[in-house]
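Numbering (the numbering used here), first residue to last: 33 to 357.
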Ligand code: PEP
Ligand code: MG
């Protein structure tokens, strides 16, 4: 199977009925980057920046981070890389930050909430990203945005750093895209103006699913209890797709489900055109998409939903069999 996937590396993720998806990879280390040319991803759709902060006893230095971000962009050879700012706090504990015990860390003081309350680290990271870009294109995404005003506040921090870097005589990115992760249901109901102003959105399916079903993604007793292919969750994702397409907002889906072929097919069928996943999933997802007729998959999903099924998975699996896939 490995070699069959390797043969697909330079082929597009185009379905039988002619829809092309962009498949990106997730990364978090310099060591992940050699996978990029090997798996044939369009770019890095999610670069998680936590690791460099979690593995040390002191705050990483801005110059070290800038050097790392620069090497990541070098290794990507002009393919786009979306850097997510720090998603720490609560469960992801860094030893150099004062922490309070929280009863529900996943719902607690984390990610952009920390970034906005204690902007020192966020500012330092933004400076490192701008310096690492060395005048190249840069995409930055803020994690765990629950309300539009959090995005606007974070973007303001970003704009202020940009002005400051320019004043210091540092190179400014040739283009700068600033996006948000949609991983709390509330953000799906943000005002229209938010969808118009954000440069892109990426659905963080791991967190979004856990909050949608109120089922802890770390808890073995409940984490597999609800299906991503449940009719309710697909309806919700479709609502997000609809809002983005009405406002011309670029949307992608990262999170583990994007790397599961049937889930990826369902996401494509309800309108996603960009998915980001672990590198090893690109081949299997692309192979299935290339064999699938999206309009027919969509009709199967819609028929199952009209019947009131809890999950469209059985219907999709039967469709795959009927289609000889
Ligand atoms: C997600 O929540 O889906 C996501 C991609 O982010 P993380 O898994 O790092 O929370
Ligand atoms: Mg998340």
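Just so it is clear, CB atoms sit at the ideal spot from N, CA and C, and this is done for glycine as well.
- If one requires a minimum length of 3 residues, the beta strand (DSSP E) runs lying completely within the stretch 198-232 are 208-214, in chain order.
- When DSSP assignments are scanned along the stretch 297-333, the uninterrupted stretches of alpha helix (DSSP H) that are 4 or more residues long and fall wholly within it turn out to be 311-323.
- In summary, residue 236 is buried, with 16 or more beta-carbon neighbours lying within 10 Å of its beta-carbon over all protein chains present.
- About 12 Å separates the beta carbons of residue 85 and residue 116, which is beyond the 8 Å limit, so they are not a contact pair.
- With contacts defined by Cβ atoms closer than 8 Å, residue 213 and residue 176 form a contacting pair.
- When secondary structure is reduced to three states using DSSP, residue 76 falls in the strand class.
- Residue 220 places its beta carbon less than 8 Å from that of residue 272.
- A Cβ-Cβ distance of about 4 Å is found for the pair residue 209 and residue 231, placing them in contact under the 8 Å criterion.
- Distance check between residue 41 and each of 275, 198, 313 and 89 places 313 closest, using alpha-carbon atoms only.
- Around the beta carbon of residue 200, a 10 Å sphere encloses fewer than 16 other beta carbons of the protein chains shown; the residue is thus reported as exposed.
- Here the stretch 93-106 lies against the stretch 147-161, with 3 or more beta-carbon pairs under 8 Å apart.
- For residue 342, the number of other beta carbons within 10 angstroms of its own is below 16, and it is reported as exposed.
- Residue 195 counts as exposed, since fewer than 16 other C-beta atoms from the protein chains shown sit within 10 angstroms of its C-beta.
- By the Cβ-count criterion, residue 125 is exposed, with fewer than 16 other Cβ atoms from all chains shown falling within 10 Å of its own Cβ.
- Annotation: residue 218 to residue 321 spans about 31 Å, alpha carbon to alpha carbon.
- Judged by the Cβ position, residue 238 qualifies as a neighbour of the ligand MG at the 7 Å threshold, a heavy atom of the ligand being closer than this.
- Bridge partners of residue 173 according to DSSP: 116 and 211.
- One thing to note: residue 266 has its Cβ within 8 Å of the Cβ of residue 333.
- Annotation for residue 335: 347 place their beta carbon closer than 8 Å to its own, counting only its chain and skipping 5 residues before and after.
- Taking the CA atoms as reference points, residue 120 sits about 44 Å from residue 355.
- Note that the C-beta distance between residue 65 and residue 73 is not below 8 Å.
- In the DSSP assignment, residue 55 falls within the beta strand (DSSP E) that extends over 52-59.
- Looking at the backbone, the Cα of residue 282 and that of residue 234 are separated by about 8 Å.
- Distances from the alpha-carbon of residue 103 to those of 222, 131 and 62 put 62 closest.
- With contacts defined by Cβ atoms closer than 8 Å, residue 319 and residue 307 do not form a contacting pair.
- Excluding sequence positions up to five before and after residue 244, its CB lies within less than 7 Å of the CB of 217, 265 and 268, all in the same chain and listed in chain order.
- By a beta-carbon distance limit of 8 Å, residue 253 does not contact residue 344. Their separation comes to about 25 Å.
- Classified as exposed, residue 52 has fewer than 16 neighbouring CB atoms from the shown chains inside 10 Å of its CB.
- Separation of the CB atoms of residue 248 and residue 255 is rounded to 7 Å, and the pair is thereby assigned contact status at 8 Å.
- Within the same chain, 205 come within 6 Å of residue 165 by CB-CB distance, once the 5 residues on both sides are set aside.
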